[in-house]
Structure formats: C-alpha cells, structure tokens
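Going left to right, the sequence shown walks through residues 4 to 911 as my numbering numbers them.
Read through the structure below, which is laid out as structure tokens, and then see the notes.
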Amino acid sequence: MAERVATLGEAERAEVARRLPEFLDEVRQGAVERVRAKQGEPQPWEEREAVGDVLLPLGPSLRIVGAGTISGAAAAVAWLTRREFAVRWGPQLEPTHLVTALAGRPDAWRADVAARLAKKIRRANDPVAPLALALLRAVQGEPPNHDPLVVAWLSAGVVDDDPLVGPLLPRIFEAQGAGRTLMEERATPTPTPWLALFKQLLADGRLSRAEVIDGCVSRFLRGGDAVDLRFFVRLHELLAPEPHEVAARTRDYLRLLPTAPSTVAALALDQVRRSGPHDEADVAEAVDALVFRSETKLAEAGLRWLDQEVRRAPTLAGETASALATAFAHTSYDVQRRAARITVKHAAAFEAGAAVITEAVGLLPAELGAQVAAVFGGEVAEPEAPEPFVPVALPVVEKPGPFPAPSLEVNEWDLHDWVKSEQWLAAFVEQAGGDRTALRARLEPVFDDASSRLYEMKRWRDVPLWIAALAKEVIASGSDPDIPEGTGFSVTGEKEIDVPGRAFTDLTKQVWNNLFRQISKLGASEELVAAVRDGLPASPPERVERRLPDPRSVSGPHMFLLRRLSELYVALREGTLPPVLLATPTSMTGHLSPDVLVERLEVCAAAGVEPLSADLQQALLRLPRRRDAEAAERAARVGSRAAASVATWLAEGGLPDPETGLKWGYGKHARDHDFREDELRYEATARLIPVLRAEPTGHDLIDELLREPSSRRGDGHGYAVDWWPATLPSHREVVAVNYLPHLLYQWNRAGVYPAHLVALTQANGPVGEATALVLAYFLAAERQEAVRSLLLMAAREDLDGEAVGRQLGYLVRRTWFETRPLLKVLTEAAHQGAHEQVWEILRVMTPMLLPDEGERPTVVHSELVAFTADLAVRTGAKGEIPAVTAHAARGGRSRFVRECARLRDLLA
Numbered sequence: 004m005a006e007r008v009a010t011l012g013e014a015e016r017a018e019v020a021r022r023l024p025e026f027l028d029e030v031r032q033g034a035v036e037r038v039r040a041k042q043g044e045p046q047p048w049e050e051r052e053a054v055g056d057v058l059l060p061l062g063p064s065l066r067i068v069g070a071g072t073i074s075g076a077a078a079a080v081a082w083l084t085r086r087e088f089a090v091r092w093g094p095q096l097e098p099t100h101l102v103t104a105l106a107g108r109p110d111a112w113r114a115d116v117a118a119r120l121a122k123k124i125r126r127a128n129d130p131v132a133p134l135a136l137a138l139l140r141a142v143q144g145e146p147p148n149h150d151p152l153v154v155a156w157l158s159a160g161v162v163d164d165d166p167l168v169g170p171l172l173p174r175i176f177e178a179q180g181a182g183r184t185l186m187e188e189r190a191t192p193t194p195t196p197w198l199a200l201f202k203q204l205l206a207d208g209r210l211s212r213a214e215v216i217d218g219c220v221s222r223f224l225r226g227g228d229a230v231d232l233r234f235f236v237r238l239h240e241l242l243a244p245e246p247h248e249v250a251a252r253t254r255d256y257l258r259l260l261p262t263a264p265s266t267v268a269a270l271a272l273d274q275v276r277r278s279g280p281h282d283e284a285d286v287a288e289a290v291d292a293l294v295f296r297s298e299t300k301l302a303e304a305g306l307r308w309l310d311q312e313v314r315r316a317p318t319l320a321g322e323t324a325s326a327l328a329t330a331f332a333h334t335s336y337d338v339q340r341r342a343a344r345i346t347v348k349h350a351a352a353f354e355a356g357a358a359v360i361t362e363a364v365g366l367l368p369a370e371l372g373a374q375v376a377a378v379f380g381g382e383v384a385e386p387e388a389p390e391p392f393v394p395v396a397l398p399v400v401e402k403p404g405p406f407p408a409p410s411l412e413v414n415e416w417d418l419h420d421w422v423k424s425e426q427w428l429a430a431f432v433e434q435a436g437g438d439r440t441a442l443r444a445r446l447e448p449v450f451d452d453a454s455s456r457l458y459e460m461k462r463w464r465d466v467p468l469w470i471a472a473l474a475k476e477v478i479a480s481g482s483d484p485d486i487p488e489g490t491g492f493s494v495t496g497e498k499e500i501d502v503p504g505r506a507f508t509d510l511t512k513q514v515w516n517n518l519f520r521q522i523s524k525l526g527a528s529e530e531l532v533a534a535v536r537d538g539l540p541a542s543p544p545e546r547v548e549r550r551l552p553d554p555r556s557v558s559g560p561h562m563f564l565l566r567r568l569s570e571l572y573v574a575l576r577e578g579t580l581p582p583v584l585l586a587t588p589t590s591m592t593g594h595l596s597p598d599v600l601v602e603r604l605e606v607c608a609a610a611g612v613e614p615l616s617a618d619l620q621q622a623l624l625r626l627p628r629r630r631d632a633e634a635a636e637r638a639a640r641v642g643s644r645a646a647a648s649v650a651t652w653l654a655e656g657g658l659p660d661p662e663t664g665l666k667w668g669y670g671k672h673a674r675d676h677d678f679r680e681d682e683l684r685y686e687a688t689a690r691l692i693p694v695l696r697a698e699p700t701g702h703d704l705i706d707e708l709l710r711e712p713s714s715r716r717g718d719g720h721g722y723a724v725d726w727w728p729a730t731l732p733s734h735r736e737v738v739a740v741n742y743l744p745h746l747l748y749q750w751n752r753a754g755v756y757p758a759h760l761v762a763l764t765q766a767n768g769p770v771g772e773a774t775a776l777v778l779a780y781f782l783a784a785e786r787q788e789a790v791r792s793l794l795l796m797a798a799r800e801d802l803d804g805e806a807v808g809r810q811l812g813y814l815v816r817r818t819w820f821e822t823r824p825l826l827k828v829l830t831e832a833a834h835q836g837a838h839e840q841v842w843e844i845l846r847v848m849t850p851m852l853l854p855d856e857g858e859r860p861t862v863v864h865s866e867l868v869a870f871t872a873d874l875a876v877r878t879g880a881k882g883e884i885p886a887v888t889a890h891a892a893r894g895g896r897s898r899f900v901r902e903c904a905r906l907r908d909l910l911a
C-alpha cells in the first residue's frame, strides 16, 4: 500500500484525497446499519463501538493513504493523528511504511509534516513519536525545538548512525524530562548505551569536552532533584575534567554548593578542591555554604577543608569564623563536635573572629560549649535535662459484651459477618421446628432471588451460599438437584494411588492441559491434579461429601465451619434438625457459657433429639479454659451421648494446649530452605512454616481441625478468616498458627488483617510465637490497631514481649519492613503506658538489628540504640546486652558508639 501510494501522480492523489471522506462515511454508515439490523435500537455507545470495530483494522492503511494524498502539510498531520485511527490497542502504522508512502512528495513538504508531527508529541511513549522520528531521520531537516521530542528520542534508544544525534544531543542539557529518562544510565562497569555514545563521540572528536562539561554544569545550575540530575552527574564523572578545565568554571561550581542536591554538591566540592589554590574569599564562601547544609557528610567535608586551609593560611581564620558559628548550630552532633575541635585547635588564628565565636558558644551542647568557652568565653548552654517521664496507666480491660439474641433480620451482605450469621443460624434452627409457613414468609423477601446459580455450583465454599441453601430449602423444599456422594475422585481407603507416568508421555501438551482441566472438573483436588501432572504418586483424597470441597483445598478452620453448615443442611433436608443449636456463643469473643450449654442439652433431650455432631464439637471448643465440676455434674444427669461428652470435657478442663510454633524459611534457586538460628539476614522470599501438633481428642472434626496447616496456600485457602477466632476462642495460638500462611504477601489473596489481630487480642489461651508474629507484623506495618492490641495485652498481662521482639527482629531482617517506622509505633505504645513491655521487646529486638560485622552503622542504628537507652532509663532496667557492650567497646566518637556506651552503662 505504501509503495503504491508513493507512485501516485498529482491528479491521482487529489482524487483519492477527495474520495477519502466519502469512504469514511460509507464505512461508518455500514457499521451502524449492521448493528441496528442485529439489535434493533442500539445505544449510541454501541453504535460508536461498532464503527470503531470496523475502522480499527483499517487504521494503518487509511493513515498511509491520507498522509500520502492530502495536499496540505497541516491537514496531512491532522489525518495521521486522528483519534479513531490511532488507537493504542489496535494495529499500529509502521514508521517505515509512512516514510515510503511520502517518498514521492517534495522535500520541503515532508520536512514540514515531520516538524508538525514532532510538535504533536506529548510524552515519551506517545504513539506519534516513532512516526515523527522516522520522518525526521528521512528528511534530515532541523527538528523543532520541542522538549517532549527530545525525551521521546532518548526513550527510543540509541540508533546506529542516527542523523538526529547532531541536532538533538546538545538539547538534552535543556530539555525538561531528559535527565529522568536517562536516570538508569551507568558508567560502570561498562557504560550503558547513551553514556557509551557520548564516550564514542568524544573519542571521535564529534563532540568537544568543553561543550559537554558546559552542558553538565549549566544543567546543574538550572536546578532539579537528584533523580533529574543523576545522568548528568554520571556523564560529568565519565569526563573527569582536568584541573585547568575546572579552573575556568570555578565560580559555577561554587554556586552549586549551597542548594544543589547532595550528589551534585559533592561533585562540585570535589572539583573545587582539585583545582586550587583559591582566593580566601572563595574558600570562605564555599565553607559557609557547606556547613549550612543539613547533610552531615557535606558539612564535615567543609570543616575538614577549613581545617586544612587555616593550617596553610592562618589569616583565613578571621573570614571563616562565621562558618564555625553556623556549624555550632548544626543538627548533627558530629558536625558540632568537629567544629568545636577546630575552634580550640586553631584558637590563636581565630582571635580575629573571637566575638562571633563567643556569641555562638551557647548553640553547642553543654559539654562542647564548655570546651570552647574555656578558650573564648561565652555563655554555655544548660545541660539538656532528660524529658520528665510520667507513667501513664494502661487502658482498662473491658469485659466482653453478651452475644446478641438470635435473629433472622439480615440482608445478604450481613451474612459475610460471623456474628450476624451465627444469629441467623440460631434463629433459623429454632423456628424451623415451628410454623414453616411463617418462616417461609420471612425468608422469601431476602432469599427467593438470592444466589440464582446456587445449584449449578458443585462446591459451596462461602458461608452465605450455605445460608441461602438453608433458606431456599424452606422456601421450596427439594429444589436442590443434589450431587451424589463420591463424585469424581472421591475414594476411601488408605492405599496409595500409583499414577502411571510413561504411558502418557506421547500426548501433546495441549492434550495434557485439556486432560487436567477435565480431571479438575470431575472433582479432583488441586493436590491430585498436580500429582498426575508431575507423574508422582498421590495419596487418595478424602471422601467428598455433598457440596463440600476437598478438605485439603481449604484451610482447617474454614473446613470445620463448612462441616457445621453442611450438617445443618443435611439435617434440614432429612427432617432431623434439633430444636436448638448448642454452639451459638454467649459472648462476643465466641465463648459459650457452660450453664447455657447444659440448658440447651436439656432442651434437646426433652425433645428426644440427639444434637448434631459438628455443632456439639464446636460447642466444646467454645467453652472456657477451666474445669467446671458443677456444670459437668448437671450435664451428666441429662443422659444423652452429647451430654456425656460435654460432662467429660468440663470435668477434664477442655482441650489440652497443642504444641504450637513456627519456623522461618525462604525460597532460593527454586527450592525451599529453613533459616538457621544464626542466619538472620533476608535471603529471598521469606516463608512462614506453621507448627501444630495435638494429641487425639476422640472427636473427629476437632482432630481434623488441629492438623498442622501447610505453609503453602491454594486459591481456596484463607477464607472465612473472621470466623476463626470465634471457632477456637480459648486457643488463640492455634488460630494464629492457621493465620501464618496468609500473613505475608497478601496482594490479590485472602489475607489476615488488623481486625483479626484484634480478635486474637480479645481471645484467651497462651500467647506463643505465632500470636507474637501476628502482632509484630501489624506493628511493623504501623497499624494503630496493633498499638491498641499491644496495650490491651499488656493490661491483661498476657503479652510475651520477648517473643514479639524476636519476631520484629526477624521481620526487619528477613522481609521488607524497616526499623524507623517501627520505632515510631513502639514510641507511641511506650508513651501510652506500655513502657515496661516495650522495653522487653527492645531487649530482644535491638541486638538483632545492630550492624553486622563489617557493616557501617547508620543513623537508624543510632536512633534504635538511643530509644532503647531512653526506655532503660524509664524502666530502671538492668542486665547486660552483650551485642551492645561489644559495639561500645570498639571505641570512636560516632553517635552510634556513644549511644551504645550510654546504654551499656545504664544496664550495668
């Protein structure tokens, strides 16, 4: 098409250009007529969409024809950039085709089109940019002065023998956005494309060093942040200006010292220092600018230069006394200390500026001010008194409120809330044994049209689906067509299934994928499908019951809940519902009063109905953590099997605490590894490995619930998490262990959130490493709910500060969390009354986060040790922290070492 357009004569071009609008109208009208014939009266947006669908594949051809035939340059560019042709997701016009189509047009006309098209560029990835650049290279004219053109050219990458290098490369020093586009360019170890091009052009003599140095310096002087200027700093470093080249630009480099980004200021200082000697006025100006900066390194560099210059030329001291006074007020103690030392060291030279120094003595900390005042006099600042600490009382722990009464007054959305759902289930069971007509009338407005595809689903994973099924069974009994037990790969027995591998090796990948999809549709679990795919032996899945997922495809507490709901559904359909549910909580924590449970057992016994098994086992788990001989005796007198189980449970004090915990692992080189105890540093993607071991209880569903969770999670894991604390309200550590696979990397997955931490806080039972990690995670995430939870656990005296500190240390060392935000939330907790508990956290966490051997301490390390020392003062803590003592013993004058020494002495 492009070649044909290029060969058209003037008359032919004019005829095609004249017919183009008519053709477009015909295309649009045809598309509209087709959609009207199909839909009758389509909406305006449907007509536009139909037209767009027809024009989309024609876009490149229409753009070539229009650009190659329209006579005016402005009109041709308008045609090329029409929105209906230039759709991002449609086929794009190849730049070479456009160049070919315009090859027969006059050079001046093509240059005009290229310039006009270039001015249409608005951003680096503008669809017009490749066309404009191709035309500009073809016509080799002067590109327009347009910053987005330069940015688009840079973004497109280096092109061999590019004719645009000459006119556009000098403009990068002025074009807005050029530096940010090139910010990833590096000179080492090997120059990346654009820096390599500069190096080659300089070597070939096509660019002068003076031109490039001036370009960099002028760009620095124009201003910008460190990211904007990063490329130009690296280009300047690549040039490595000679002293004579710097000398000619000394005034410009000096102008950069006060306000340029730190990387640019450091570069400028290095050039100035290399090009001396300098006038005393220039030195004084430079030092003044440097000590005024907030960056410690630059301020100290200025003071070191001052020290050398005063030693070389003592007469300079008088002009630089004001710089020392500025340094006295610096926010960095290290800068203040260096300034005081220089002042005392060159006291004789600074006599000329003694008045300035004397007046500024009060800006120094007391111990440094005293050293300077001993020589120059002046008023020393009062020693900084520690902030008075007034202990704040921990919050009062309020008693959990009573569980609300059973109620059917809910909407569909309410059924995602565990409290509303428990209320509904209790009310439903109570009323299902009474007037079904009245119950149907109450359920129909909410559930008649709810979950319209309910019976098309083979598995019901969500609580609202089960509740909708219960309601629909009352509204229209027998509506469920049912799924036979044992569907698909549901088998019983303990024999291992041997999956034949070699027999299928000749199948194509497409056939394999289709086979796996069909196996999955038949009801096979994710684990079995994976085993078949990999040719591995697989243990048989557990028996699949009506509408229930494979237990291994969902989390343990979720499966326990689904079994309760399935049990109710089956009992409703078989007419065996009890008159009352046993497991409905009596407290908002999910706990159940033993006396109320016995009363419910008595109601069931009076009706001659044995309670449902899953309901009974949930009721047992919701009993308080204590023996209750009186309630046990009452339960034993009821006479039912369920009552006997309750009596034994109450007499023995309930479920013994399982063995719980966690291990930290990581993935590396496609394999899983465990962190060693001494291996603190983050290796790759951290992984939490739950530990849960419990003795058999004799209750099948409780034993299933207490199985150790996998550290891996599938798409079905981590649902109904809101229910979990109320499932095991007396064993929060078991709940926390089940949280672990869902704590890290929650993006686009079911996860654990602050509300779940709050529920753990309100529950009972021992606090171990898993609960400590959940609390630590949300503290590190700076969530206010975590601060509140820490305070409440401290008030209840069930906070394991050492475990929390240990897990905080691991989170910072092994994941993306950082120390400084963590210090902020711990400070807040300490100020609100938990100072003693925060100290216990810091005693373990601080040594874990100190610099490793060979690692240089940072400001954050100093802040951590300082905060730990402040808490030691407030709590009167004693007892050595060996890691702190070791750092203090290394000596030195840095703030980090001084803070370590202060903490060491406080703990001695």
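Just so you know, even glycine gets a beta-carbon here, dropped at the ideal spot from N, CA and C.
With distance defined between alpha-carbon atoms, name the residue in the options nearest to residue i.
i	options	result
A872	V841, R859, K475	V841
E3	V862, I73, G169	An answer regarding residue 3 cannot be provided, because it is not within the stretch 4 to 911 covered by the chain.
R51	S64, P63, R37	R37
F223	G717, S265, P192	S265
S733	S590, R786, A833	S590
Q749	V740, D465, A775, D718	D718
F353	P60, D337, E370, A316	A316
L105	L139, E805, V8	V8
G69	L571, E18, H890	E18
Give me, in chain order, the residues of the same chain whose beta-carbon lies closer than 7 Å to that of residue i; leave out the 5 immediate sequence neighbours on both sides.
i	result
D115	A76
L874	A833, H838, V841, W842, L845
If you follow the beta strand (DSSP E) that residue i is part of, which residue opens it and which one closes it?
i	result
L457	No beta strand (DSSP E) contains L457, which DSSP labels as neither H nor E.
T688	688 to 696
Can you name, in chain order, every residue of its own chain whose Cβ lies under 6 Å from the Cβ of residue i, other than the five neighbours on each side?
i	result
G356	G321, A324
L782	A789, V828
E87	L58
V375	A343, T346, V364
L96	P63, R66
F899	P860, H864, S865
Assuming residue i is part of the alpha helix (DSSP H), what are its boundary residues?
i	result
T888	885 to 892
E342	Sequence check: residue 342 is Ala here, not Glu. It spans 336 to 348 - the alpha helix (DSSP H) in which A342 sits, taken as one unbroken run.
A952	Given that the chain is displayed from residue 4 to residue 911, the structure contains no residue 952 and the question cannot be resolved.
N741	735 to 742
S648	644 to 655
I67	47 to 72
A474	466 to 478
I844	838 to 852
D150	150 to 158
E370	369 to 379
H247	246 to 250
M796	787 to 798
H759	757 to 765
Could you tell me whether the Cβ of residue i comes closer than 8 Å to any Cβ of chain D?
i	result
A302	Reference to chain D is not applicable here, since this structure consists of a single protein chain.
Return the bridge partner residues of residue i from the DSSP annotation.
i	result
L665	P693
Taking contact to mean at least 3 C-beta pairs separated by less than 8 Å, is the segment 468 to 485 in contact with the segment 608 to 615?
Of all C-beta pairs linking the segment 468 to 485 to the segment 608 to 615, fewer than three are shorter than 8 Å, placing the two stretches out of contact.
Stretch pair the segment 149 to 156 + the segment 208 to 223: three plus CB contacts closer than 8 Å
Of all C-beta pairs linking the segment 149 to 156 to the segment 208 to 223, fewer than three are shorter than 8 Å, placing the two stretches out of contact.
Pairs of beta-carbons, one from the segment 809 to 823 and one from the segment 834 to 854, closer than 8 Å: are there three or more?
Cβ pair count under 8 Å is three or more, so yes.
Does the segment 352 to 370 come close enough to the segment 381 to 398 to have 3 or more Cβ pairs within less than 8 Å?
Inter-segment contact for the segment 352 to 370 and the segment 381 to 398 is present: three or more beta-carbon pairs are separated by less than 8 Å.
Please determine if the segment 597 to 604 and the segment 617 to 633 are in contact, where contact requires at least 3 C-beta pairs separated by less than 8 Å.
Flag = yes, the segment 597 to 604 and the segment 617 to 633 touch.
Can you confirm whether the segment 396 to 414 touches the segment 793 to 802 when touching is taken to mean that 3 or more C-beta pairs between the two stretches lie within less than 8 Å?
The segment 396 to 414 and the segment 793 to 802 touch, with three or more beta-carbon pairs separated by less than 8 Å.
Does the count of Cβ pairs from the segment 445 to 465 and the segment 700 to 707 closer than 8 Å reach three?
Too few Cβ pairs lie closer than 8 Å, so no.
contact_flag[the segment 236 to 249, the segment 285 to 303] where n(CB pairs < 8 Å) is 3 or more:
Contact fails between the segment 236 to 249 and the segment 285 to 303, because fewer than three Cβ pairs, one in each stretch, are under 8 Å apart.
I want to know whether the segment 187 to 202 touches the segment 132 to 145 - three or more CB-CB distances under 8 Å.
A contact between stretches requires three or more CB pairs, one per stretch, nearer than 8 Å, and the segment 187 to 202 fails this requirement with the segment 132 to 145.
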